[in-house]
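Trainee:
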Amino acid sequence: MALTLLAANNAQTVLAAGINSSATSLIVNTGTGALFPSPASGTSFFKLTIVDSATGSLSEIVHVTERTGDSMTIERGQEGTVARAWSANDIAANMMTAGTLSYLLTNFQPLDSTLTALATLVGAANKLPYFNGVDSAALTDLTAVGRDIIGKKTAADILTYLGLGEGSALPVGAPIPWPSDSTPFGYALMQGQSFDTSVYPLLTVAYPSGVIPDMRGQTIKGKPASGRAVLSLEQDEIKSHTHSASADNTDLGTKTSSSFDYGTKTASTFDYGTKTTNTTGAHAHTLPVLNEEKGDGSNAAGATGFTVGTATTSSTGAHAHTVDIGAHNHTVNIGAHSHTVAIGVHSHTITVAASGNAETTVKNIAFNYIVRLA
Numbered sequence: 001m002a003l004t005l006l007a008a009n010n011a012q013t014v015l016a017a018g019i020n021s022s023a024t025s026l027i028v029n030t031g032t033g034a035l036f037p038s039p040a041s042g043t044s045f046f047k048l049t050i051v052d053s054a055t056g057s058l059s060e061i062v063h064v065t066e067r068t069g070d071s072m073t074i075e076r077g078q079e080g081t082v083a084r085a086w087s088a089n090d091i092a093a094n095m096m097t098a099g100t101l102s103y104l105l106t107n108f109q110p111l112d113s114t115l116t117a118l119a120t121l122v123g124a125a126n127k128l129p130y131f132n133g134v135d136s137a138a139l140t141d142l143t144a145v146g147r148d149i150i151g152k153k154t155a156a157d158i159l160t161y162l163g164l165g166e167g168s169a170l171p172v173g174a175p176i177p178w179p180s181d182s183t184p185f186g187y188a189l190m191q192g193q194s195f196d197t198s199v200y201p202l203l204t205v206a207y208p209s210g211v212i213p214d215m216r217g218q219t220i221k222g223k224p225a226s227g228r229a230v231l232s233l234e235q236d237e238i239k240s241h242t243h244s245a246s247a248d249n250t251d252l253g254t255k256t257s258s259s260f261d262y263g264t265k266t267a268s269t270f271d272y273g274t275k276t277t278n279t280t281g282a283h284a285h286t287l288p289v290l291n292e293e294k295g296d297g298s299n300a301a302g303a304t305g306f307t308v309g310t311a312t313t314s315s316t317g318a319h320a321h322t323v324d325i326g327a328h329n330h331t332v333n334i335g336a337h338s339h340t341v342a343i344g345v346h347s348h349t350i351t352v353a354a355s356g357n358a359e360t361t362v363k364n365i366a367f368n369y370i371v372r373l374a
């Protein structure tokens, strides 16, 4: 910040005592110091020109940074002049210099159209100037509330004045749904960012880690009785459950397959070889006995040619037969026919396919979460 340049009209005196070229202070004639400004060190100064009284041709410009009575603290050899030794009664005056003009041009705003617009306004009680166009200004009402807010020194003072400080409806740290990407004054979006705990002590009480939770895509859930930690994150899940499913029972009845003529098929050829019957063939025969004529044409038993009794053959005729069956095959006529199939009442197992979004959601409208800074 530039120092303030001070000046006094017609301030001139002489040195009360001589100084060498390295001196950093001087004393002027008794009582004449009051003719000059009183600068404050580090804040303001004034220019002093020293001229030799003998010839008036030698000069040095110094900056006076402090003055106590007739004693002055000086910075030597300013504006290209050379620090010299000076004698008592040499002239010391607060004169206009080239450096003075340059300083004024450098450190003061020249008149322009913007300042002119403000200069045209006529100030009045409870009015505040504002720009209503390019280089165009007007006055608006300044209410008591507006003056009070302007007079507050800190954002915390403003929040307290508006009833948003400690003890307001929502404590500092409470997430607040907000329908905009632009936050109101004194609030921040909750996006997982760090904050200065020394600047926002009340927010630090809510979030001691110095990190605001990232509420993007999150909802708030009351802490369960299971002992889950406050501010802990729970991933999206659905409650464990099962599904049951069945198809309606339908009697498909008895169905008939299509008819197909398989034609005449030949069984495979097989040689059964030579077989022997069993030997249990013993049996007897009963025969009728006829009368035989004697030489005289008579029969003792009766008339000639009549049966007079029976006779039985011997039963000792057991024997066996050998039969050669031989290789042969059989021809089977399958013929055209169809089959009936009873499907009957039955059920089917059904697999339920997955569907839905990537995460569990409910109908919702997107809001930002914001938190008050304090």
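Mapping to full-length UniProt numbering: the sequence shown position 158 is 158, numbers consecutive.
Using N, Cα and C, we set each Cβ at its ideal position, and we do this for glycine too.
When you compare only the Cα positions, how much space is there between Leu5 and Thr100?
Mentor: 8 Å
Trainee: Using only alpha-carbon positions, find the residue among Thr250, Thr65 and Thr269 that is nearest to Val345.
Mentor: Thr250
Trainee: For a minimum of 4 consecutive residues, which ranges assigned as the alpha helix (DSSP H) are wholly contained in the region 90–122?
Mentor: Whole alpha helix (DSSP H) segments, 4+ residues: 98–107 and 113–119.
Trainee: Helix, strand or coil: how does DSSP classify Ala366 here?
Mentor: coil
Trainee: Given Met215, which residues of its chain have a CB within under 7 Å of its CB, disregarding the five upstream and five downstream residues?
Mentor: Pro175, Met190 and Tyr369
Trainee: Thinking just about the alpha-carbon of each residue, which of His285, Val362, Ala138 and Thr276 is nearest to the one in Asp324?
Mentor: If we check each option's Cα against that of Asp324, Thr276 comes out closest.
Trainee: So, do the region 59–72 and the region 35–47 have three or more beta carbon pairs nearer to each other than 8 Å?
Mentor: yes
Trainee: The beta strand (DSSP E) spanning Asp141 covers which residue range?
Mentor: Ser136 to Asp141 is the span of the beta strand (DSSP E), which, as asked, contains Asp141.
Trainee: Tell me, please, which residues DSSP counts as bridged to Gln191.
Mentor: Asp214
Trainee: Along the beta strand (DSSP E) that carries Leu159, what are the first and last residues, could you check?
Mentor: No beta strand (DSSP E) contains Leu159, which is instead part of the alpha helix (DSSP H) from Ala155 to Tyr161.
Trainee: Please name the residue, chosen from Ala98, Ser57, Thr24 and Met95, that lies closest to Arg67 on a Cα-to-Cα basis.
Mentor: Thr24
Trainee: If you pair each beta-carbon of the region 345–356 with each one of the region 150–165, do three or more pairs fall below 8 Å?
Mentor: no
Trainee: To the nearest angstrom, how far is it from the Cα of Thr322 to the Cα of Thr340?
Mentor: 47 Å
Trainee: Kindly say whether Ala320, judged by its beta-carbon, lies nearer than 9 Å to any beta-carbon of chain D.
Mentor: The chain inventory of the structure shown lacks chain D, comprising one protein chain alone.
Trainee: Can you tell me whether Leu105 is buried or exposed? The criterion is at least 16 other CB atoms within 10 Å of its CB, across all chains shown.
Mentor: By the 10 Å Cβ count, Leu105 comes out exposed.
Trainee: Helix, strand or coil: how does DSSP classify Val51 here?
Mentor: The answer is strand: DSSP assigns Val51 an E or B state.
Trainee: Closer than 6 Å by C-beta to Asn313: which residues in its own chain qualify, once you throw out the five before and the five after it? Chain order, please.
Mentor: As written in the sequence, residue 313 is Thr, which differs from the Asn given in the question. Taken in chain order, the residues that qualify are Ala284 and His285.
Trainee: What would DSSP say about Arg147, mapped onto helix, strand or coil?
Mentor: It is helical.
Trainee: When burial is assigned at 16 or more other CB atoms within 10 Å of the CB, is Asp248 buried or exposed?
Mentor: For Asp248, the number of other beta carbons within 10 angstroms of its own is below 16, and it is reported as exposed.
Trainee: Are the Cβ atoms of Val14 and Ala98 separated by less than 9 Å?
Mentor: no
Trainee: Say whether the region 67–81 touches the region 28–41, bearing in mind that this needs 3 or more beta-carbon pairs closer than 8 Å, one atom from each stretch.
Mentor: Contact holds between the region 67–81 and the region 28–41, because three or more Cβ pairs, one in each stretch, are under 8 Å apart.
Trainee: To which residues of the same chain is Leu373 closer than 7 Å at the C-beta, ignoring the five residues directly before and after it?
Mentor: Gly186, Tyr187, Ala188, Tyr200 and Leu203
Trainee: Who pairs with Leu5 in a beta bridge, going by DSSP?
Mentor: Looking at the DSSP assignment, Leu5 forms a beta bridge with Phe45.
Trainee: Would you call the region 326–334 and the region 226–243 touching, i.e. three or more CB-CB distances under 8 Å?
Mentor: no
Trainee: For the alpha helix (DSSP H) containing Pro201, name the first residue and the last one.
Mentor: Per DSSP, Pro201 belongs to the alpha helix (DSSP H) from Pro201 to Ala206.
Trainee: Where Asn357 and Lys223 are concerned, what is the direct C-alpha to C-alpha distance, given to the nearest angstrom?
Mentor: 26 Å
Trainee: Name the DSSP beta bridge partners of Tyr130, please?
Mentor: BP columns for Tyr130 point to Ala138.
Trainee: How many angstroms separate the CA atom of Ile19 from the CA atom of Ala83?
Mentor: In a straight line, the C-alpha of Ile19 is about 10 Å away from that of Ala83.
Trainee: Under 9 Å, do Asn107 and Pro37 count as touching if we go by C-beta distance?
Mentor: no
Trainee: Strictly by DSSP, which residues pair up with Val28?
Mentor: Leu15
Trainee: Between the beta-carbon of Ile334 and the beta-carbon of Gly253, is there less than 9 Å?
Mentor: Not closer than 9 Å, so no.
Trainee: Just tell me which of Thr219, Gly273, Leu233 and Ala92 has its CA closest to the CA of Val362.
Mentor: Just measuring C-alpha positions, the residue of Thr219, Gly273, Leu233 and Ala92 sitting nearest Val362 is Thr219.
Trainee: For the beta strand (DSSP E) that Asp181 lies in, which residues bound it at each end?
Mentor: Per DSSP, Asp181 belongs to no beta strand (DSSP E) and is neither H nor E.
Trainee: Is Val28 near Ala92, with beta carbons less than 9 Å apart?
Mentor: Going by beta carbons, Val28 and Ala92 fall inside the 9 Å limit.
Trainee: So what does Lys275 bridge to, in DSSP terms?
Mentor: Its beta-bridge partners are Val323.
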